[in-house]
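What follows is a set of notes on a single structure, which appears directly below.
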Amino acid sequence: MSEQTATQNRKQTALMKRLARIHEHKDYPKALEHVPPTEEDLEAAARSTRRGAMLAVVAALVGALAVTREGLAGQVVFGAIAIAAAVFAARAFLAGGKQRSEVLAHGLERRAALVADRRSETTASWAGGRTTYYFQLEFDNGENGEFRYPGRGVQDDLLVKGNTGVAFLRGRTLIAWKNIKV
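First residue of the sequence shown? That's 470 in the working numbering, and the numbers climb one at a time after it.
See below:
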């Protein structure tokens with residue numbers, strides 16, 4: 470074994486021991502009980518489902534209007550609008566359901582972790598901008614990975630390199646973090 474590999478193994482073992490102390494910390498049980506905020510992806514799925522419901526109501530109202538119209542031209546025009554609204558409603562319902570299923574396909578994990586590194590990507594748009602953070606997390610079993618964290622504005626207390634605590638994960642997304650200093 471090379472000296473560099475031995476040094477890495479010692480660092481890894483020390484990190485694993487440090488993270489194992491999180492499980493013994495007095496705040497650990499309380500941190501596990503934390504209920505993370507609603508995820509951005511689930512909110513988007515709910516918006517799509519609500520949009521579908523609204524379009525279904527519009528389709529029903531316009532369809533009722535088409536039935537009560539006198540004259541073939543009015544019935545055809547309102548009927549076509551009702552059908553188009555019904556198609557868009559179905560698409561929105563299906564998209565919202567699919568997005569929700571994809572998000573919930575991954576269970577919510579709570580893991581002791583250390584923030585090893587972080588980076589961010591900001592995209593500008595006409596309505597402002599959006600920042601997505603990426604945190605490199607190391608876990609008490611020696612695993613590590615990069616997890617996406619959507620920025621939530623100034624109310625969010627961002628993580629810094631070296632923070633230890635409990636990571637709330639769903640797939641490759643970091644949903645929430647509870648600091649536990651060890």
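The beta-carbon is built from N, C-alpha and C at its ideal position, and this holds for glycine as well. This structure is a prediction, so every number in the text was calculated from the model and none was measured.
By the Cβ neighbour-count rule, E607 is buried, with 16 or more other Cβ atoms within 10 Å of its own.
In the assembly as shown, R621 is an exposed residue. Its beta-carbon has fewer than 16 other beta-carbons within 10 Å.
Taking all protein chains in view, the Cβ of A554 is crowded by 16 or more other Cβ atoms within 10 Å, so the residue is classified as buried. Under the three-state reduction of DSSP output, A596 falls in the coil class, being neither helix nor strand.
Remark: C-beta atoms of V635 and A585 do not approach each other more closely than 8 Å. For D609, the secondary structure class from DSSP, reduced to helix, strand or coil, is coil. For P498, the closest C-alpha among the options E512, T482, L573 and R579 is that of R579. Counted as a single uninterrupted DSSP element, the stretch harbouring R641 is not any alpha helix (DSSP H), since DSSP gives it neither H nor E. From the listed residues R587, R639, L583 and F604, the smallest Cα separation to K486 is found for L583.
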